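A.B. asks: Below are the structure tokens for one structure; questions will follow.
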Amino acid sequence: MADDKKQLEAITPMEEDFAQWYTDVVKKAELTDYTSVKGCMVIRPAGYAIWELIRNQLDAAFKETGVQNVYLPMFIPESLLQKEKDHVEGFAPEVAWVTQGGLEPLQERMCVRPTSETLFCDYYANTVHSYRDLPQVCNQWCSVVRWEKTTRPFLRSREFLWQEGHTAHATAEEAQERTEQMLNVYADFCENVLAIPVIKGRKSEKEKFAGAIATYTIEALMHDGKALQSGTSHNFGDGFARAFNIQYTSKDNKLEYVHQTSWGMTTRLIGAVIMVHGDNSGLVLPPKVAPTQVVIIPIQQKKEGVLDKAFELKEKLKDFRVKVDDTEKSPGWKFAEHEMRGVPLRLEIGPRDIEAGKAVIVRRDNGEKTEISLDNIEATIGEMLERIQKEMFERARAHRDAHTYSATNYEEFVKIINEKPGFVKAMWCGDRACEDKVKEDTTATSRCMPFEQERISETCVCCGRPAKALMYWGKAY
RNA sequence: CGAGGUGUGGCUCAGUUUGGCUAGAGCACCUGGUUUGGGACCAGGGGGUCGCAGGUUCGAAUCCUGUCACCUCGACCA
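Given below as structure tokens:
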């Protein structure tokens, strides 16, 4: 029976098992594949094309703020890694070590970079001498290795692709400014390009980066109500500068330490796109990161003129990323296939349409099907893609808002965390003990203290002492 | 790393309890033909030493030991 066949190919419904749904989508949309290397993935063409679109647009945004790209080694000598105490303690459990070069054991082992703060510090210590050398605003696109225990495609793998920006400034104020500036670049990117709404805020002491004086984050809410940290920006103060002796001579001839920042985003963003926008038919890509924005499906493609018309339309739409699917599959198969892959618009063109000067166009995000005129089709498609981009963001924001709750006492807080997936806003005293207790009682963690603070009550939701800040809480990936 | 689960053609699985004919099915793939507006149909065809390594046995997908991988949950992280 036809239904049985569909069942065999189907994606597990997300209501039934969200984790399995995610795995199915990643696999069936051919974004990644498993490898013989434990915990590492192949990013397949369909997945890598999304990453390229993310990378190109993010890189352009960086450059508008004066960022320059560099490349540093992938190995870090142990002595270098150990210079900053908090940093090495934070990363020690998850670094991979190289102990042998060729046939000879190394006199000093080296780790494969889990992040490159120490290398950038080494580099800046050598190049920064005068206030005239500042600021240094560098970024590198690379992969890093963290020896994770359990892995999932895009969300957690032992090697992943990312960018890491590292800056050095003359003053603490400048460093803080850069930290916030890059967080804003990230937030704008998520919202405008990935159509993912984010909460901007500051991490607690417990959750901040190893070696930072302050970590800022953008937090997104996935469709299942779990939080995903989607980008971070750290202010290091002069801690690393003191550990690595990065000093410069100021205008008035005094020796000063630099103030540093770092900030990063990863291929995890692809996981976020999947989990925010996807549905039970598969991936749903925002037009700005869709490798194919419009797929043209010829109907009765063997009939005279149909394929010609399809390719003619592709040529007419060359400002967009357009693909004609002229394979031998049936139209119905193609519809399902391109839905699986998240293509934002499907254009059906058959003999009837050609005669009428029309085409059928279907939106992936909401299934809306309309007939459009072939005249002026470029403008129509352009408008539709813009509208999809905008409405996907609005839909995600509505979902986020509908799954954001407030709690003013602990009983209510625990009840909401356990029963309603999403963010819970609650006041916090600033004490780590309360974060630990919340985690133990509910497995939820503090996500961030939002820049947009509200005062929903006067006391800490956990201990009842005077509240210091509003905190977003949630269960996280 | 702790608990649980699963490994049989590309995919989903049956067969394992109770060892025994040539290891099966559906989907996918290849060829030819008919089709084409929501996963088409007919005919023919190719592909598996049953995760891997040992062991028990006349005989192992099936029993034993070890090992590896993957999935789910937990701890850790972007």
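Residue numbers (the numbering used here): 86 to 562.
Note that beta-carbon positions come from the ideal geometry of N, C-alpha and C, so glycine has one too.
From a predicted model like this one, the values you see are computed outputs, not experimental measurements.
Could you check what DSSP says for LYS112 in three-state terms: helix, strand or coil?
C.D. replies: Here LYS112 sits in helix by DSSP.
A.B. asks: Can you check whether the CB of VAL110 is closer than 7 Å to the CB of THR368?
C.D. replies: First, the amino acid is wrong: residue 368 is Leu here, not Thr. Closer than 7 Å, so yes.
A.B. asks: The beta strand (DSSP E) that contains ASP118, what's its start and end?
C.D. replies: Looking at the DSSP string, the run of the beta strand (DSSP E) that includes ASP118 is 117-119.
A.B. asks: Could you check how far apart the C-beta atoms of ILE303 and GLY316 are, in whole angstroms? I think they sit under 8 Å.
C.D. replies: Right, the Cβ-Cβ distance comes to about 5 Å (below 8 Å), so this counts as a contact.
A.B. asks: Reducing DSSP to helix, strand and coil, say where PHE405 ends up.
C.D. replies: If DSSP states are grouped into helix, strand and coil, PHE405 belongs with coil.
A.B. asks: So what does LYS443 bridge to, in DSSP terms?
C.D. replies: SER458, per the DSSP bridge assignment.
A.B. asks: Determine the contact status of ALA253 and ASN320, defining contact as a CB-CB distance below 7 Å.
C.D. replies: No, Cβ-Cβ distance for ALA253 and ASN320 is not below 7 Å.
A.B. asks: Who are the near neighbours of GLU169 in its chain, counting only those whose CB is closer than 6 Å to its CB and skipping five residues on each side?
C.D. replies: Only GLY296, PHE325, ALA328 meet the Cβ criterion.
A.B. asks: Looking at C-beta atoms only, is the number of pairs between the stretch 218-228 and the stretch 99-117 that lie closer than 8 Å three or more?
C.D. replies: The stretch 218-228, when compared against the stretch 99-117, does not touch it at the 8 Å Cβ threshold.
A.B. asks: Could you name the residues of the same chain whose beta carbon sits closer than 8 Å to that of ILE439, not counting the 5 residues immediately before and after it, in chain order?
C.D. replies: Taken in chain order, the residues that qualify are GLY390, VAL391, LYS394.
A.B. asks: Where ALA87 and PRO416 are concerned, what is the direct C-alpha to C-alpha distance, given to the nearest angstrom?
C.D. replies: Any reading at ALA87 must be qualified, since the residue scores a pLDDT of 32, below 50, and its modelled position is unreliable; the value itself is stated next. Taking the straight line from one Cα to the other gives about 15 Å.
A.B. asks: What residues are listed by DSSP as bridge partners for LEU398?
C.D. replies: For LEU398, which the question treats as bridged, DSSP gives no partner whatsoever.
A.B. asks: I think TYR333 touches SER215, with their Cβ atoms under 8 Å apart; what is that distance to the nearest whole Å?
C.D. replies: Contact flag correct, Cβ pair sits at about 6 Å.
A.B. asks: In chain order, what residues of the same chain have a beta carbon less than 6 Å from the beta carbon of ARG198, not counting five sequence neighbours either side?
C.D. replies: Answer for ARG198: MET159, ILE161, VAL229, listed in chain order.
A.B. asks: If you drop the 5 nearest sequence neighbours on each side, which residues of the same chain put their C-beta closer than 7 Å to that of ILE96?
C.D. replies: Answer for ILE96: TRP106, ASP109, VAL110, LYS113, ASN365, GLY367, listed in chain order.
A.B. asks: On the DSSP letters alone, give me the boundaries of the alpha helix (DSSP H) that LEU165 sits inside.
C.D. replies: Looking at the DSSP string, the run of the alpha helix (DSSP H) that includes LEU165 is 163-166.
A.B. asks: Quick one: what does DSSP say TRP106 is sitting in, helix, strand or coil?
C.D. replies: Looking at TRP106 - three-state DSSP - the assignment turns out to be helix.
A.B. asks: Does VAL173 come out as helix, strand or coil in the three-state DSSP assignment?
C.D. replies: Reduced to three states, the DSSP call for VAL173 is helix.
A.B. asks: DSSP three-state label for ILE501, please.
C.D. replies: Note: ILE501 maps to helix in three-state DSSP.
A.B. asks: Let me confirm a value: ALA483 is counted as buried when at least 16 other C-beta atoms fall within 10 Å, else exposed. Which label applies?
C.D. replies: Exposed.
A.B. asks: Between LEU143 and GLN266, which are expected to be in contact by the criterion C-beta below 8 Å, what is the C-beta distance as a whole number of angstroms?
C.D. replies: Rounded, the Cβ-Cβ distance is 14 Å, inconsistent with contact.
A.B. asks: Using the beta-carbon count (16 or more within 10 Å), is TRP182 buried or exposed?
C.D. replies: Flag for TRP182 reads exposed.
A.B. asks: Considering ARG263, what are the terminal residues of the alpha helix (DSSP H) in which it resides?
C.D. replies: Segment 257-277, the alpha helix (DSSP H) holding ARG263.
A.B. asks: Report the rounded CA-to-CA distance for ARG140 versus MET477, giving the unit in angstroms.
C.D. replies: Roughly 21 Å separates the two Cα atoms.
A.B. asks: Under the three-state reduction of DSSP, which class applies to VAL381: helix, strand or coil?
C.D. replies: This sequence places Ile at residue 381; Val is not what is there. Here ILE381 sits in strand by DSSP.
A.B. asks: Is DSSP giving PHE245 helix, strand or coil here?
C.D. replies: PHE245: strand per DSSP, three-state reduction.
A.B. asks: When you compare only the Cα positions, how much space is there between LYS91 and GLY349?
C.D. replies: Because LYS91 carries a pLDDT of 40, less than 50, the predicted location of this residue cannot be relied on, and no value is offered for it.
A.B. asks: Expressed to the nearest angstrom, what Euclidean distance is found between the alpha-carbon atoms of ASP89 and MET425?
C.D. replies: Note that ASP89 scores 34 on pLDDT, short of 50, meaning its location in the model is unreliable; the coordinates nonetheless yield the value given after this. Their backbone Cα atoms lie some 18 Å apart in a straight line.
A.B. asks: For ASP364, does the three-state DSSP call read helix, strand or coil?
C.D. replies: Of the three classes helix, strand and coil, the one that applies to ASP364 here is strand, per DSSP.
A.B. asks: Provide the residue span of the beta strand (DSSP E) that contains ARG231, from first to last.
C.D. replies: Careful: ARG231 lies outside any beta strand (DSSP E) and carries neither H nor E.
A.B. asks: Would you kindly work out how many angstroms separate the C-alpha atoms of ILE434 and LEU555, rounded to a whole number?
C.D. replies: Using only the alpha carbons, I get a separation of about 54 Å.
A.B. asks: Can you list, in chain order, the stretches of the beta strand (DSSP E) that have 3 or more residues and sit fully within the stretch 501-536?
C.D. replies: Fully enclosed beta strand (DSSP E) runs of 3 or longer: 508-513, 530-535.
A.B. asks: To the nearest angstrom, how far is it from the Cα of CYS196 to the Cα of ALA511?
C.D. replies: Those two C-alpha atoms are separated by around 41 Å.
A.B. asks: Please classify GLN378: is it buried, with 16 or more other beta-carbons within 10 angstroms of its beta-carbon, or exposed?
C.D. replies: Classification for GLN378: buried.
A.B. asks: Compute every distance between the C-beta of LEU470 and the non-hydrogen atoms of the ligand NAP, then say whether any falls below 6 Å.
C.D. replies: The ligand NAP is absent from the structure shown, which contains no ligands of any kind.
A.B. asks: Write down the C-beta distance between PRO535 and THR544 rounded to the nearest angstrom, noting that I regard them as a contact closer than 8 Å.
C.D. replies: The pair is not a contact, with the Cβ atoms about 19 Å apart (cut-off 8 Å).
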